[in-house]
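K.L.:
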Amino acid sequence: MPDHSLFRLRILPWCIALAMSGSYSSVWAEDDIQFDSRFLELKGDTKIDLKRFSSQGYVEPGKYNLQVQLNKQPLAEEYDIYWYAGEDDASKSYACLTPELVAQFGLKEDVAKNLQWSHDAKCLKSGQLEGMEIKADLSQSALVISLPQAYLEYTYPDWDPPSRWDDGISGIVADYSINAQTRHEENGGDDSNEISGNGTVGVNLGPWRMRADWQTNYQHTRSNDDDEEFSGDDTQKKWEWSRYYAWRALPSLKAKLALGEDYLNSDIFDGFNYVGGSVSTDDQMLPPNLRGYAPDISGVAHTTAKVTVSQMGRVIYETQVPAGPFRIQDLGDSVSGTLHIRIEEQNGQVQEYDISTASMPYLTRPGQVRYKIMMGRPQEWGHHVEGEFFSGAEASWGIANGWSLYGGALGDENYQSAALGVGRDLSTFGAVAFDVTHSHTKLDKDTAYGKGSLDGNSFRVSYSKDFDQLNSRVTFAGYRFSEENFMTMSEYLDASDSGMVRTGNDKEMYTATYNQNFRDAGVSVYLNYTRHTYWDREEQTNYNIMLSHYFNMGSIRNMSVSLTGYRYEYDNRADKGMYISLSMPWGDNSTVSYNGNYGSGTDSSQVGYFSRVDDATHYQLNVGTSDKHTSVDGYYSHDGSLAQVDLSANYHEGQYTSAGLSLQGGATLTAHGGALHRTQNMGGTRLLIDADGVADVPVEGNGAAVYTNMFGKAVVSDVNNYYRNQAYIDLNKLPENAEATQSVVQATLTEGAIGYRKFAVISGQKAMAVLRLQDGSHPPFGAEVKNDNEQTVGLVDDDGNVYLAGVKPGEHMSVFWSGVAHCDINLPDPLPADLFNGLLLPCQHKGNVAPVVPDDIKPVIQEQTQQVTPTNPPVSVSANQ
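Numbered continuously in the numbering used here, the sequence shown closes out at residue 889.
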């Protein structure tokens with residue numbers, strides 16, 4: 009008669025687990041189920057007491073590692089859940105919901121403070137929250153909790169209340185962005201080599217983030233002029249620490265405390281650099297529908313170009329882009345004020361222009377207040393303090409029925425400004441706001457403005473709306489008018505410091521950003537428009553408009569044509585033109601295209617080939633003419649585990665040859681380990697992944713996968729602040745002899761946090777073994793075999809057979825039943841060649857064993873253990889099986 013032990017080994021635990029959990033049945037269900045033990049076909053005199061499992065939803069008392077789901081949303085981590093028997097009815101069991109776990113539910117304050125606890129205040133007393141249901145699904149290693157929304161704080165898809173925010177762990181961060189370019193002139197011009205970079209280093213200590221920003225530039229130029237007087241080498245180099253600062257989240261206030269060197273980010277007043285401190289409501293802590301506007305920078309590069317975004321001399325973003333239209337959308341909504349954009353082309357041309365980031369209507373939910381308080385001293389570039397001590401504050405109060413009242417004040421001894429405004433949520437018609445700001449300036453020195461007092465006003469109206477049904481969005485539309493004598497704090501500082509002539513005295517500013525997608529027609533429209541008029545110079549207009557159409561032509565599908573018109577003006581110079589692109593698929597992951605750029609004295613046309621190798625890699629080749637000369641361009645981009653790498657090469661006949669390299673990455677080091685990684689936001693939030701020491705495990709967040717290093721660590725940097733971020737293992741790409749018993753983790757991290765999550769990954773060979781106790785018997789059916797990481801690697805059948813995973817030479821393992829480690833096994837070193845020939849493993853008795861549980865739960869588990877006889881222990885089912 010064939011031996012079906014292996015079959016029973018695999019199928020019986022699932023039968024028991026399903027019977028125990030029902031189909032998400034309540035752990036307090038009253039219906040009983042009767043089991044026929046003959047179904048198990050156990051050999052010899054082995055017996056199992058199934059009476060306890062006759063109560064639907066019953067879970068054997070003990071410890072289970074479970075993923076907790078609240079209202080169908082998993083909480084951030086897996087938890088060790090202890091189950092205990094009912095005091096009045098031992099046939100029922102209950103989950104111990106600890107205060108630490110309940111704190112993750114996001115209960116309203118008045119609900120949380122009235123909770124009652126049992127077992128020395130370590131377990132939530134059952135039955136006190138009406139409508140609360142707790143259900144077990146051990147086959148999925150899940151504890152499913154249903155709780156009426158009335159008990160919970162406000163939530164939003166992928167956004168968690170403050171009780172679930174994670175400050176992460178302490179550690180060191182060091183991020184960088186390096187750009188290198190080399191250029192050789194064909195006709196006796198200057199050859200140049202340039203390396204520029206910027207980055208952030210810092211330390212996390214609990215909720216505190218301490219950071220220092222740096223930037224550097226090295227440029228070597230060699231003149232090839234025939235005249236010796238003008239030939240020779242010139243080298244310029246610069247390194248500077250641009251900013252020292254620290255901050256921490258204040259979750260109870262939904263605010264951020266910042267200290268050190270900062271830029272005044274205000275929804276009302278224009279910004280400037282200062283050193284001091286501030287406490288402000290952090291828009292990132294608000295639900296997404298209440299957050300502010302994230303800057304959207306668009307432009308057109310005539311060749312492969314380096315794009316630098318700076319503010320008051322400090323570089324905040326730098327990257328390389330291929331020829332054609334580009335959009336930068338990952339600056340984050342914490343960046344505001346005037347930004348300077350510099351586009352350095354490979355052909356030596358430079359485009360520069362300023363953009364003013366838009367401010368959304370300053371609205372607040374009814375009954376709530378958003379505020380900012382700041383104080384300090386203004387600061388020039390290079391850490392030099394200027395001006396007198398200043399202070400300021402602003403606030404927005406949600407009155408009722410969609411109305412918000414807002415205002416603020418800012419000033420020092422000689423300058424004061426005050427603002428007052430009102431906003432209205434128009435529901436389906438969007439949101440609108442209007443405000444007026446008055447400034448009073450006292451000038452003691454003779455300046456271009458004269459000597460004495462100046463008073464002026466500035467008026468502003470703004471509008472924002474999503475048209476969901478039309479698939480369109482007016483991200484922002486605004487208008488501002490300033491009187492001639494109105495001064496901002498920045499203008500006052502310039503005037504009082506040096507008496508400089510005022511240039512760029514704003515009069516009117518129009519701003520609009522618009523998106524619309526006509527899905528049925530396959531057409532999309534994007535518009536970014538800014539117009540400035542001034543009291544003392546000519547007006548300035550910048551715009552970028554893009555029209556795209558996706559269509560099919562015969563058997564060729566997913567073709568596209570796009571037309572971009574642009575104009576950028578800076579220092580009385582304007583760059584304007586038109587860019588056209590036509591593309592069609594070529595194979596599964598490639599396209600061929602025609603691209604033409606016309607305007608600003610530079611006309612070019614190219615035929616291009618684009619190919620996406622995989623989720624992390626793509627390249628582009630272009631061949632064509634530029635100013636009637638042949639041109640060849642190449643661009644390669646790879647999102648690697650260690651860094652993001654961009655390469656470019658350009659050849660323009662009779663003019664120049666150039667090449668570029670861009671590296672963007674970082675390093676994170678903590679007490680749990682560290683890793684090199686790519687990065688997006690310097691000094692920003694990241695998630696350290698621990699794969700139990702297993703290397704080459706592919707982990708994905710919001711972007712391309714990163715692979716764990718030789719220590720089993722990886723860093724996922726594409727995470728968002730205060731969002732419910734998920735990271736998961738790509739099971740299809742796991743290395744051989746590796747298994748993931750847990751493949752998804754999530755975290756809601758505060759700004760700048762180093763999150764830490766551990767995947768349950770088992771690495772090693774597989775084996776079929778036979779376990780024997782010292783008296784020749786075997787562990788009971790259902791006993792668990794765990795490695796030193798407390799991972800379940802096998803389950804014992806009724807003959808003592810066990811299918812083991814993660815087998816390594818000389819490894820130590822323990823065998824558990826009834827929640828207790830009863831004996832140990834040691835694998836041979838070396839391992840036998842045939843691991844499926846019934847490897848005999850003696851299980852050495854541990855002696856006086858006791859449950860390894862916290863002291864507060866230990867009496868409960870010990871009481872259950874005392875009810876178990878040594879010869880016939882009840883089944884213990886792993887939550888991971």
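C-beta atoms are modelled at their ideal positions from N, C-alpha and C, and glycine is treated no differently.
What beta strand (DSSP E) runs, 3 residues minimum, are completely inside the region 571 to 617?
P.N.:
The qualifying runs are 581 to 593 and 598 to 606.
K.L.:
Please name the residue or residues paired with residue 770 in a DSSP beta bridge.
P.N.:
Your numbering for residue 770 matches position 762 in the sequence shown. Beta-bridge pairing links residue 770 to 747.
K.L.:
Nearest CA to the CA of residue 330: which residue from 352, 261, 371 and 201?
P.N.:
Within the sequence shown, numbered from 1, the residue matching residue 330 stands at position 322. Out of 352, 261, 371 and 201, 352 has the C-alpha closest to the C-alpha of residue 330.
K.L.:
Does residue 839 come out as helix, strand or coil in the three-state DSSP assignment?
P.N.:
Residue numbering aside, residue 839 sits at position 831 when the sequence shown is read from its first letter. Coil.
K.L.:
Quick one: what's got a C-beta closer than 6 Å to residue 241's C-beta in the same chain, skipping five residues either side?
P.N.:
What you label residue 241 is simply residue 233 of the sequence shown in a count that begins at 1. Here the set comprises 230.
K.L.:
Can you name, in chain order, every residue of its own chain whose Cβ lies under 8 Å from the Cβ of residue 492, other than the five neighbours on each side?
P.N.:
The residue given as residue 492 occupies position 484 in the sequence shown. For residue 492, where only same-chain residues beyond five positions count, the Cβ hits under 8 Å are 464, 513, 515 and 543.
K.L.:
Once DSSP output is grouped into helix, strand and coil, what is the label at residue 156?
P.N.:
Taking the sequence shown and counting its residues from 1, one reaches residue 156 at position 148. The answer is coil: DSSP assigns residue 156 none of H, G, I, E or B.
K.L.:
By how many angstroms is the C-alpha of residue 163 removed from the C-alpha of residue 700?
P.N.:
Stepping through the sequence shown from its first residue, residue 700 is reached at position 692. Stepping through the sequence shown from its first residue, residue 163 is reached at position 155. About 33 Å.
K.L.:
Which residue marks the beginning of the beta strand (DSSP E) containing residue 174, and which one marks its end?
P.N.:
Counted from its first residue, the sequence shown places residue 174 at position 166. Element bounds for residue 174: n/a, residue is neither H nor E.
K.L.:
Please list the terminal residues of the continuous alpha helix (DSSP H) segment that includes residue 702.
P.N.:
As a first step, residue 702 is located in the sequence shown; it is residue number 694 there, counting from the start. Premise fails: residue 702 is in no alpha helix (DSSP H) and is neither H nor E.
K.L.:
Which residue marks the beginning of the beta strand (DSSP E) containing residue 803, and which one marks its end?
P.N.:
Working through the sequence shown from its first residue, we reach residue 803 at position 795. 800 to 803 is the extent of the beta strand (DSSP E) around residue 803.
K.L.:
Can you list, in chain order, the residues of its chain whose CB lies under 6 Å from that of residue 86, leaving out five sequence neighbours each side?
P.N.:
In the sequence shown, residue 86 corresponds to position 78, counting from 1. The answer, listed in chain order, is 73 and 75.
K.L.:
What residues are listed by DSSP as bridge partners for residue 415?
P.N.:
Translated into the one-based positions of the sequence shown, residue 415 becomes position 407. 403 and 428, per the DSSP bridge assignment.
K.L.:
With distances taken between CB atoms, is the gap from residue 91 to residue 110 smaller than 7 Å?
P.N.:
Indexing the sequence shown from 1 puts residue 91 at position 83. Indexing the sequence shown from 1 puts residue 110 at position 102. Taking 7 Å as the Cβ cut-off, residue 91 and residue 110 do not qualify as a contacting pair.
K.L.:
Which partner residues does residue 687 have in the DSSP bridge list?
P.N.:
The residue you call residue 687 lines up with position 679 of the sequence shown. None, per the DSSP bridge assignment.
K.L.:
Using the C-alpha atoms, what's the distance from residue 681 back to residue 830?
P.N.:
Along the sequence shown, one-based indexing puts residue 830 at 822. Along the sequence shown, one-based indexing puts residue 681 at 673. One C-alpha to the other measures close to 33 Å.
K.L.:
Going by beta carbon distance, what residues of the same chain come within less than 7 Å of residue 647, once the five residues before and after it are set aside?
P.N.:
Position 639 of the sequence shown, counting from 1, holds the residue named residue 647. Excluding sequence neighbours, residue 647 sits near 624, 686, 711 and 712.
K.L.:
Return the CA-CA distance between residue 800 and residue 97, expressed in angstroms with no decimal places.
P.N.:
Counting from one through the sequence shown, the residue named residue 800 turns up at place 792. Counting from one through the sequence shown, the residue named residue 97 turns up at place 89. Roughly 31 Å separates the two Cα atoms.
K.L.:
What would DSSP say about residue 797, mapped onto helix, strand or coil?
P.N.:
As a working mapping, residue 797 is identified with position 789 in the sequence shown. It is coil, neither helix nor strand.
K.L.:
Which residue's Cα is closest to the Cα of residue 386: 376, 400, 380 and 379?
P.N.:
For the purposes of this step, residue 386 is taken as the residue at position 378 of the sequence shown. For residue 386, the nearest C-alpha among the options comes from 400.
K.L.:
Which of helix, strand or coil does DSSP assign to residue 162?
P.N.:
As a working note, residue 162 is residue 154 in the sequence shown. In the structure shown, residue 162 sits in coil (DSSP, three-state: anything other than H, G, I, E or B).
K.L.:
Rounded to a whole number of angstroms, what is the C-alpha to C-alpha distance between residue 119 and residue 374?
P.N.:
On the sequence shown, position 111 is the one that residue 119 refers to. On the sequence shown, position 366 is the one that residue 374 refers to. Looking at the two C-alpha atoms, the distance is approximately 22 Å.
K.L.:
Tell me where the alpha helix (DSSP H) around residue 117 begins and ends.
P.N.:
Along the sequence shown, read from residue 1 onward, the residue named residue 117 stands at position 109. Start and end: 117 to 120.
K.L.:
How long is the line joining the alpha carbons of residue 274 and residue 597, rounded to whole angstroms?
P.N.:
In the sequence shown, residue 274 corresponds to position 266, counting from 1. In the sequence shown, residue 597 corresponds to position 589, counting from 1. Each residue's alpha carbon lies about 44 Å from the other.
K.L.:
In the DSSP output, what is residue 191 paired with across the bridge?
P.N.:
Reading the sequence shown from its first residue, position 183 is the one you call residue 191. According to DSSP, residue 191 bridges with 200 and 666.
K.L.:
Since residue 674 and residue 182 are thought to touch, with beta carbons under 8 Å apart, how far apart are those beta carbons, to the nearest angstrom?
P.N.:
On the sequence shown, residue 674 is found 666 positions in, with the first residue counted as 1. On the sequence shown, residue 182 is found 174 positions in, with the first residue counted as 1. So it is a contact: roughly 6 Å between Cβ atoms.
K.L.:
Which one or two residues does DSSP pair with residue 682 in a beta bridge?
P.N.:
On the sequence shown, position 674 is the one that residue 682 refers to. Answer is 677.
K.L.:
Note down the Cα distance separating residue 152 from residue 82, rounded to an integer number of angstroms.
P.N.:
Indexing the sequence shown from 1 puts residue 152 at position 144. Indexing the sequence shown from 1 puts residue 82 at position 74. Near 9 Å, if we compare the C-alpha coordinates of residue 82 and residue 152.
K.L.:
In angstroms with no decimal places, state the Cα-to-Cα distance between residue 102 and residue 142.
P.N.:
Counted from its first residue, the sequence shown places residue 102 at position 94. Counted from its first residue, the sequence shown places residue 142 at position 134. Roughly 9 Å separates the two Cα atoms.
K.L.:
Taking Cβ positions, are residue 732 and residue 175 nearer each other than 7 Å?
P.N.:
Here residue 732 refers to the residue found at position 724 when the sequence shown is read from its first residue. Here residue 175 refers to the residue found at position 167 when the sequence shown is read from its first residue. Result no, Cβ atoms of residue 732 and residue 175 do not sit closer than 7 Å.
K.L.:
If the criterion is Cβ atoms closer than 7 Å, does the pair residue 126 and residue 116 meet it?
P.N.:
Counting from one through the sequence shown, the residue named residue 126 turns up at place 118. Counting from one through the sequence shown, the residue named residue 116 turns up at place 108. No. Outside cutoff.
K.L.:
So, for residue 407: in the same chain, excluding its five sequence neighbours on each side, which residues have a beta-carbon less than 8 Å away from its beta-carbon?
P.N.:
Numbered from 1 along the sequence shown, position 399 holds the residue referred to as residue 407. Excluding sequence neighbours, residue 407 sits near 374 and 413.
K.L.:
From 322, 336 and 467, pick the residue whose C-alpha is nearest to that of residue 328; which is it?
P.N.:
Position 320 of the sequence shown holds residue 328. Nearest C-alpha to residue 328: 336.
K.L.:
So, are the CB atoms of residue 427 and residue 445 less than 7 Å apart?
P.N.:
Along the sequence shown, read from residue 1 onward, the residue named residue 427 stands at position 419. Along the sequence shown, read from residue 1 onward, the residue named residue 445 stands at position 437. Their beta carbons are under 7 Å apart, which means residue 427 touches residue 445 by this criterion.
K.L.:
Quick check: residue 693 and residue 761, are their CB atoms within less than 7 Å of each other?
P.N.:
Translated into the one-based positions of the sequence shown, residue 693 becomes position 685. Translated into the one-based positions of the sequence shown, residue 761 becomes position 753. Cβ atoms of residue 693 and residue 761: closer than 7 Å.
K.L.:
Apart from the five residues just before and just after residue 549, which ones in its own chain have a Cβ nearer than 7 Å to its Cβ?
P.N.:
In the sequence shown, counting from the first residue as 1, residue 549 sits at position 541. Result list for residue 549: 539, 575 and 577, in chain order.
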